[in-house]
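Residue numbers (this note's numbering): 1447 to 1667.
Below is one structure; the comments refer to it alone.
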């Protein structure tokens, strides 16, 4: 750190101007968490089904927040506003959980969650396993509609490290040793690169929509 500044993990979104959480600058910092709610900011974890029932410590649900920094609404978009602001709370669209000390952890995005064989699966968990494979450089996981799996089939797109070779079977067997059976990708596709934003974030939706188009399914809005 050339400036000798302290760097901490936090969280925010445009609808909250933009910060709602941060690890303390002076105090206990927990790596892998977004820290504690900012002063005058309230945060809860609510169930995904109704969005109103507050969940206890350790359970996973949607992160909702309220405070003076939260927006009043989207300009000329009453329907989107009604969806985001419910009961005085801003629904972030992020799946998270809270520990016994009040620190929050982001798990994934609701829109990225995969529903398969009656279970909710978070792509990030699978991707972290894939990243731990010694031959994998980059990876992203998507869910694709499939009747056999009573919802979606899990597919992984993988970029291998330079000079490495691997088979789909090898990757799947690796995942089987680390994940529950229903979380293991059913299909692997190797690519030279993944579509990304200018800041390097993988464009998951681009891959998902490419696959949906192959299946003749209209793009999700």
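Every residue, glycine too, gets a C-beta built ideally from N, C-alpha and C.
In this text, all values refer to a predicted model and were calculated from it rather than measured experimentally.
Rounded C-alpha distance that separates residue 1466 from residue 1515: Here residue 1466 refers to the residue found at position 20 of the chain shown. Here residue 1515 refers to the residue found at position 69 of the chain shown. Rounded to whole angstroms, residue 1466 to residue 1515 spans 8 angstroms at the Cα level.
DSSP three-state assignment for residue 1514, whether helix, strand or coil: Here residue 1514 refers to the residue found at position 68 of the chain shown. In the structure shown, residue 1514 sits in coil (DSSP, three-state: anything other than H, G, I, E or B).
Straight-line Cα distance separating residue 1469 from residue 1453: Position 7 of the chain shown, counted from the first residue, corresponds to residue 1453. Position 23 of the chain shown, counted from the first residue, corresponds to residue 1469. Approximately 9 angstroms, taken between the alpha carbons.
Inter-residue CB distance, residue 1649 and residue 1572 (contact presumed, cutoff 8 angstroms): Here residue 1649 refers to the residue found at position 203 when the chain shown is read from its first residue. Here residue 1572 refers to the residue found at position 126 when the chain shown is read from its first residue. With a Cβ gap of about 18 angstroms, residue 1649 and residue 1572 do not count as contacting.
Residue 1607 in three-state terms, based on DSSP: Working through the chain shown from its first residue, we reach residue 1607 at position 161. Coil.
Inter-residue CB distance, residue 1583 and residue 1601 (contact presumed, cutoff 8 angstroms): The residue you call residue 1583 lines up with position 137 of the chain shown. The residue you call residue 1601 lines up with position 155 of the chain shown. Actually they do not touch by this definition, with Cβ atoms about 18 angstroms apart.
CB contact flag (residue 1603, residue 1635, <8 angstroms): Here the question's residue 1603 lines up with position 157 in the chain shown. Here the question's residue 1635 lines up with position 189 in the chain shown. A distance below 8 angstroms separates the beta carbons of residue 1603 and residue 1635.
Counted within 10 angstroms of its Cβ, other Cβ atoms place residue 1663 as buried (16 or more) or exposed: The residue you call residue 1663 lines up with position 217 of the chain shown. Per the 10 Å Cβ criterion, exposed.
The region 1479-1486 contacting the region 1538-1549, beta-carbon criterion three pairs below 8 angstroms: The answer is yes - the region 1538-1549 touches the region 1479-1486, with three or more Cβ pairs under 8 angstroms.
Three-pair Cβ contact test at 8 angstroms for the region 1506-1515 versus the region 1529-1545: Touching, yes.
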